[in-house]
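Colleague: Questions regarding the structure given below will be posed in turn.
There are 2 protein chains.
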Amino acid sequence: MTLPRKAPTMADVARLAGVSPMTVSRAFKRDASVSDATREAILKAADDLGYVFDSTASNLRSQRTDFVAVTIPSINNANFADTVRGLSEGLKARGLQILLGATDYDIFEEERLIEQLLRRRPEAIVVTGGQHTPRARRMLENAGIPVIETWDLPAAPIGHVVGFSNAAAVRAMVDHFVSRRLTRIAFIGGDADRDTRGTDRRAGFIAAMQAHGLDATRLIAAGVPPISMREGADAMGRLLDTLPDTEAVICVSDLSAFGALTECQRRGVDVPGRISIAGFGDYEIGAISVPTLTTINPFPREIGAQTAALILKVLDGAQTTPATLSILPRLLPRQSSR
Amino acid sequence: MTLPRKAPTMADVARLAGVSPMTVSRAFKRDASVSDATREAILKAADDLGYVFDSTASNLRSQRTDFVAVTIPSINNANFADTVRGLSEGLKARGLQILLGATDYDIFEEERLIEQLLRRRPEAIVVTGGQHTPRARRMLENAGIPVIETWDLPAAPIGHVVGFSNAAAVRAMVDHFVSRRLTRIAFIGGDADRDTRGTDRRAGFIAAMQAHGLDATRLIAAGVPPISMREGADAMGRLLDTLPDTEAVICVSDLSAFGALTECQRRGVDVPGRISIAGFGDYEIGAISVPTLTTINPFPREIGAQTAALILKVLDGAQTTPATLSILPRLLPRQSSR
DNA sequence: CCCGTTTATGTTATCGTTAACATAGGCTGT
DNA sequence: ACAGCCTATGTTAACGATAACATAAACGGG
Chain D
135 MTLPRKAPTM ADVARLAGVS PMTVSRAFKR DASVSDATRE AILKAADDLG YVFDSTASNL
195 RSQRTDFVAV TIPSINNANF ADTVRGLSEG LKARGLQILL GATDYDIFEE ERLIEQLLRR
255 RPEAIVVTGG QHTPRARRML ENAGIPVIET WDLPAAPIGH VVGFSNAAAV RAMVDHFVSR
315 RLTRIAFIGG DADRDTRGTD RRAGFIAAMQ AHGLDATRLI AAGVPPISMR EGADAMGRLL
375 DTLPDTEAVI CVSDLSAFGA LTECQRRGVD VPGRISIAGF GDYEIGAISV PTLTTINPFP
435 REIGAQTAAL ILKVLDGAQT TPATLSILPR LLPRQSSR
Chain E
135 MTLPRKAPTM ADVARLAGVS PMTVSRAFKR DASVSDATRE AILKAADDLG YVFDSTASNL
195 RSQRTDFVAV TIPSINNANF ADTVRGLSEG LKARGLQILL GATDYDIFEE ERLIEQLLRR
255 RPEAIVVTGG QHTPRARRML ENAGIPVIET WDLPAAPIGH VVGFSNAAAV RAMVDHFVSR
315 RLTRIAFIGG DADRDTRGTD RRAGFIAAMQ AHGLDATRLI AAGVPPISMR EGADAMGRLL
375 DTLPDTEAVI CVSDLSAFGA LTECQRRGVD VPGRISIAGF GDYEIGAISV PTLTTINPFP
435 REIGAQTAAL ILKVLDGAQT TPATLSILPR LLPRQSSR
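If you read the sequences in order, they're chains D and E. Count along the first sequence starting at 1, add 134, and that's the number in my numbering. Count along the second sequence starting at 1, add 134, and that's the number in my numbering.
In structure tokens form, the structure reads like this:
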């Protein structure tokens, strides 16, 4: 057992390799000009000493952290996870690392998180949604780094946008049902004020119903977002109890839609025979359940990939004006609706 | 539009507030001794200037980053996400932030990731699983920070452990089936060598079957881990085609088990009447599907929570020897098995 | 073969915060 | 009233890498 002596620094490596610290620094960068022999000797020396590059020092001196800060509502959500995956893959090649934080669907938590993240001096920041506290907005505006809002098309963007209209996506679903002669349509979502995307979807539902001259009052609040399969099932139970003549139901996500489907199965209610069900998000479950679930794919991974590409473009100076990349969600009619 | 002048530093804040930079530094810490009047003036000045604390400098000087590095196989997995959530919640109170990386179920990718993470000088590192490349192992051993292996009970731990035996958990499932007089049992998992926890589960299955004197050759390889619902369904299809007398099947996860269930539903194969199905992980879907899925809950969130608590203890010096916290997974018999 | 250019390396100062030490003034108890 | 002890603040130097500048050696073309 050796004593836990102080960790070796570049100076130690330099001494052992017989070069200056600056040369060691160069040897650890990809592009820098160091002769092969010297680099090899340096890496050997570093390995012998068990040297581990200290990026805290590098970050300060070079004023670069190679972090990209990302906030998502929840880690435990396949859609947001897909976006993070798309981002991560697109940024990895450039050595950019994601600094991830979850807001728990709360814009005040988001504000706190953004402050924490900005202190780490990321190269760019990606936030989910276009609704923020005034202070959060101010921090983002003054951060001096590229800001990308995703999963939404904010009316007044802070910087760049890679998103889609949640309201328009749900409108397409309403249109789909109406074209099938289904008019008594309900909406199952979370309690109004927390999940802003869920709220947008509900608003889109109401607007679309009214545009068709239909009653938009079949609204079931299933609990605090994100609503679970279980909450979807419970909401469906209440819907069947109170408004049994409902012909179709749009759920805020595929998870709640699947829960709703199982409630119908337990009660022997035929889907889509007696009631049609639609979800949102194109989760895998909707593609494989029996029956499969009609849903909307907002291409979350694509959002991440395009966001990553945009960040690289901006950091390269190849994009100097705020960009808005609009993703077009796709309606996927499946067995759960007719 | 103001010019993007240089971001203000503590020195700027200090000048405006009429104090020394050190006092500003103190004002930004929780415990430091600064009079209320001074702190207020400083925070006001900071706000006026739009000052954002620079943790890159703080990290270097104080030799603390308040990062805890975490590697998980995949971001897009509810079980690992739960562990991260448990960790995150337990660490937040102490101002520790998670630095997350995904290995994509690949120990070579894990090695690369561990190196990247250690360069950021985390206060502790949490890895999923107990199998690592030799170099990864060496890096962890020499990192000089607490190392916690999770989701496994390694034979030769590097440091601390918060995990469970995947093999033992599956053995309990085999025992469960055997006690119900089911003996022709199959296992659906991923291809052998990648997902080490999946491999452990398969090995546990084989060992348990042999311990009962039963045939342990009904093994279906469903593809590259992590295997999806779809792959679970496909595997079940092959199983029904090739070994139609199978009485029970244990799937490597609830997701593949649900896929397998849907394949049975599509084929009109009664579950559990003709075949029993079990999964692993206690995903929400298993609790709500019709029929509900027999599964094993390894308490992923608890793993995260206990890991967080352990890290705090170690950083406080209240735990100086390597700890092994063993979680006991719970078998949950449900409708999909009899 | 000489001068302009490139390549490999060295030197110096610095990024912005804070640990460590120092000190003035106020307070406490006897 | 004074030693002893807090409390609030200041001063100095350092964390470990690297940007910016400098230079010696190698190269190359006419």
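Ideal Cβ positions, reconstructed from N, Cα and C, are used throughout, including at glycine. Since we're looking at a predicted model, the values are computed, not measured.
1. Under DSSP, the alpha helix (DSSP H) around Phe214 (chain D) begins and ends at which residues?
2. Mind checking whether Gly293 (chain E) and Ala442 (chain E) have CB atoms under 7 Å apart?
3. Could you tell me the alpha carbon to alpha carbon distance between Ser390 (chain E) and Cys398 (chain E), rounded to whole angstroms?
4. Assuming Gln231 (chain E) is part of the beta strand (DSSP E), what are its boundary residues?
5. Give a yes or no on whether 7 Å exceeds the smallest Cβ distance from Lys209 (chain E) to chain D.
6. In whole angstroms, give me the CA-to-CA distance for Ala166 (chain E) and Thr190 (chain E).
7. Kindly indicate if chain D contains any beta-carbon less than 7 Å away from that of Arg468 (chain E).
8. Report the residues of the segment 179-192 of chain E with a CB closer than 8 Å to any CB of chain D, ordered along the chain.
9. Pick out the complete beta strand (DSSP E) segments inside the segment 142-225 of chain E, 3 residues or longer, and give them in chain order.
10. Starting from the C-beta of Ile176 (chain D), find all residues in its chain whose C-beta is less than 6 Å away, skip the five residues before and the five after it, and write them out in chain order.
11. Helix, strand or coil for Leu424 (chain D), going by three-state DSSP, please let me know.
12. With C-beta atoms as the reference, is Ala439 (chain D) less than 7 Å away from Asn210 (chain E)?
13. Tell me the residue span of the beta strand (DSSP E) that contains Thr284 (chain E).
14. Distance, Cα to Cα, Pro256 (chain E) vs Tyr185 (chain D)?
15. For Val386 (chain E), would you say it is in contact with chain D, using Cβ-to-Cβ distances shorter than 7 Å as the test?
16. Looking at chain D, which residues of the segment 141-168 of chain E have a Cβ within less than 7 Å of any of its Cβ atoms?
17. Please report whether the beta-carbon of Ile322 (chain D) lies at a distance below 7 Å from any beta-carbon of chain E.
18. What residue from E:Met273, E:Arg228 and E:Ile232 has the CA that sits closest to Glu245 (chain E)'s CA?
19. Specify, as a first and last residue, the run of the beta strand (DSSP E) that Phe298 (chain E) falls within.
20. Can a CB atom of chain D be found closer than 7 Å to the CB of Gly393 (chain E)?
21. Can you find a C-beta in chain E that's less than 7 Å from the C-beta of Val424 (chain D)?
22. Please report the residue range of the beta strand (DSSP E) in which Asn276 (chain D) lies.
23. Is the segment 344-364 of chain D touching the segment 189-205 of chain D in the sense that three or more CB pairs, one from each, lie closer than 8 Å?
24. Look up Ala290 (chain E) in the DSSP assignment and say whether it is helix, strand or coil.
25. Compute the beta-carbon to beta-carbon distance between Leu247 (chain D) and Thr205 (chain D), rounded to the nearest angstrom, for a pair I have assumed lies under 8 Å.
26. With a 10 Å radius around its C-beta and 16 neighbouring C-beta atoms as the bar for buried, classify Met135 (chain E) as buried or exposed.
27. What residue from E:Ile411, E:Thr351 and E:Gly366 has the CA that sits closest to Gly324 (chain E)'s CA?
28. Verify the CB distance criterion: does Ala382 (chain E) have a CB-CB separation below 7 Å to chain D?
29. Taking 8 Å as the limit between beta carbons, can you name the residues of its chain near Thr396 (chain D), skipping five residues before and five after?
30. Is it the case that the segment 261-280 of chain D contacts the segment 406-422 of chain D, given that we only count it when at least three CB pairs across the two stretches are under 8 Å?
31. Below 8 Å on the Cβ atoms is my guess for Ala350 (chain D) versus Ile340 (chain D); work out the distance and round it to an integer in Å.
32. Since Arg352 (chain D) and Leu377 (chain D) should fall inside the 8 Å C-beta cutoff, what is the C-beta to C-beta distance between them, to a whole number of angstroms?
33. Quick one: which chain D residues come within Cβ less than 9 Å of Arg400 (chain E)?
34. Measuring CB to CB, does Gly413 (chain E) end up less than 7 Å from Ser387 (chain E)?
35. Whose Cβ in chain E lies nearer than 7 Å to the Cβ of Asn276 (chain D)?
36. Could you give the first and the last residue of the continuous alpha helix (DSSP H) run that contains Phe242 (chain D)?
Modeller: With the given structure in hand:
1. Within the first sequence, residue 214 (chain D) is the residue found at index 80, counting from 1. Phe214 (chain D) -> alpha helix (DSSP H) spans Ala212 to Lys226.
2. Reading the second sequence from its first residue, position 159 is the one you call residue 293 (chain E). Reading the second sequence from its first residue, position 308 is the one you call residue 442 (chain E). No, they are not a contact pair.
3. Start at 1 with the first residue of the second sequence, and residue 390 (chain E) comes out as number 256. Start at 1 with the first residue of the second sequence, and residue 398 (chain E) comes out as number 264. Cα to Cα, the separation comes out at about 12 Å.
4. The residue labelled residue 231 (chain E) in the question sits at position 97 within the second sequence. Gln231 to Ala236 is the extent of the beta strand (DSSP E) around Gln231 (chain E).
5. In the second sequence, counting from the first residue as 1, residue 209 (chain E) sits at position 75. One point to set straight first is that residue 209 (chain E) is Ile, not Lys, in the sequence displayed. Yes, contact with chain D.
6. Working through the second sequence from its first residue, we reach residue 166 (chain E) at position 32. Working through the second sequence from its first residue, we reach residue 190 (chain E) at position 56. If I take the Cα positions, the gap works out to 20 Å.
7. Working through the second sequence from its first residue, we reach residue 468 (chain E) at position 334. Chain D, which has no Cβ nearer than 7 Å to the Cβ of Arg468 (chain E), makes this no.
8. Gly184, Val186, Phe187, Asp188, Ser189, Thr190 and Ala191
9. Within the segment 142-225 of chain E, the complete beta strand (DSSP E) segments of 3 residues or longer fall at 201-206, listed in chain order.
10. Here residue 176 (chain D) refers to the residue found at position 42 when the first sequence is read from its first residue. So the list reads Ala151, Val158 and Ala161, once near-sequence residues are dropped.
11. By one-based count along the first sequence, residue 424 (chain D) stands at place 290. The sequence given here places Val at residue 424 (chain D); Leu does not occur at that position. Looking at Val424 (chain D) - three-state DSSP - the assignment turns out to be coil, as it is neither helix nor strand.
12. For the purposes of this step, residue 439 (chain D) is taken as residue 305 along the first sequence, with counting starting at 1. For the purposes of this step, residue 210 (chain E) is taken as residue 76 along the second sequence, with counting starting at 1. Going by C-beta atoms, Ala439 (chain D) is not nearer than 7 Å to Asn210 (chain E).
13. For the purposes of this step, residue 284 (chain E) is taken as the residue at position 150 of the second sequence. Element bounds for Thr284 (chain E): Val281 to Thr284.
14. Counting from 1 along the second sequence, the entry for residue 256 (chain E) is found at position 122. Counting from 1 along the first sequence, the entry for residue 185 (chain D) is found at position 51. Approximately 15 Å between the Cα atoms of the pair.
15. Taking the first residue of the second sequence as 1, we reach residue 386 (chain E) at position 252. So, not an interface residue.
16. Ala141
17. Translated into positions along the first sequence, residue 322 (chain D) becomes position 188. For Ile322 (chain D), the answer is no, since every Cβ of chain E falls outside 7 Å of its Cβ.
18. Indexing the second sequence from 1 puts residue 245 (chain E) at position 111. Residue E:Met273 is the option with its Cα nearest to Glu245 (chain E).
19. As a first step, residue 298 (chain E) must be located in the second sequence, where it is residue number 164. Looking at the DSSP string, Phe298 (chain E) is not in any beta strand (DSSP E), and its letter there is neither H nor E.
20. If you number the second sequence from 1, residue 393 (chain E) lands on position 259. Interface residue, yes.
21. Against the first sequence, residue 424 (chain D) aligns to sequence position 290. Taking 7 Å as the threshold, the shortest C-beta distance from Val424 (chain D) to chain E falls below it.
22. Numbered from its first residue, the first sequence carries residue 276 (chain D) at position 142. Where Asn276 (chain D) is concerned, there is no enclosing beta strand (DSSP E), although the alpha helix (DSSP H) it sits in stretches over Pro268 to Asn276.
23. Contact between the segment 189-205 of chain D and the segment 344-364 of chain D is absent, because fewer than three Cβ pairs lie under 8 Å.
24. Against the second sequence, residue 290 (chain E) aligns to sequence position 156. It is coil, neither helix nor strand.
25. Within the first sequence, the letter at position 113 stands for residue 247 (chain D). Within the first sequence, the letter at position 71 stands for residue 205 (chain D). Indeed they touch by this definition, with Cβ atoms about 6 Å apart.
26. Stepping through the second sequence from its first residue, residue 135 (chain E) is reached at position 1. Legend: pLDDT at Met135 (chain E) = 38, less than 50; position of this residue unreliable, value from coordinates given subsequently. Answer is exposed; the Cβ neighbour count stays below 16.
27. Your numbering for residue 324 (chain E) matches position 190 in the second sequence. Closest option to Gly324 (chain E), Cα to Cα, is E:Gly366.
28. Stepping through the second sequence from its first residue, residue 382 (chain E) is reached at position 248. No, no contact with chain D.
29. As a position in the first sequence, residue 396 (chain D) is number 262, starting the count at 1. Contacts found: Met363 and Ala367.
30. no
31. Start at 1 with the first residue of the first sequence, and residue 350 (chain D) comes out as number 216. Start at 1 with the first residue of the first sequence, and residue 340 (chain D) comes out as number 206. Correct: roughly 4 Å between the Cβ atoms.
32. Here residue 352 (chain D) is taken as the residue at index 218 of the first sequence, counted from 1. Here residue 377 (chain D) is taken as the residue at index 243 of the first sequence, counted from 1. With a Cβ gap of about 6 Å, Arg352 (chain D) and Leu377 (chain D) count as contacting.
33. Position 266 of the second sequence, counted from the first residue, corresponds to residue 400 (chain E). The contacting residues are Val424.
34. Residue mapping note: residue 413 (chain E) aligns to position 279 of the second sequence, counting from 1. Residue mapping note: residue 387 (chain E) aligns to position 253 of the second sequence, counting from 1. Their beta carbons are under 7 Å apart, which means Gly413 (chain E) touches Ser387 (chain E) by this criterion.
35. By one-based count along the first sequence, residue 276 (chain D) stands at place 142. Within 7 Å of the CB of Asn276 (chain D), the CB atoms of chain E belong to Gly184, in sequence order along the chain.
36. Here residue 242 (chain D) refers to the residue found at position 108 of the first sequence. Where Phe242 (chain D) is concerned, the enclosing alpha helix (DSSP H) stretches over Ile241 to Arg253.
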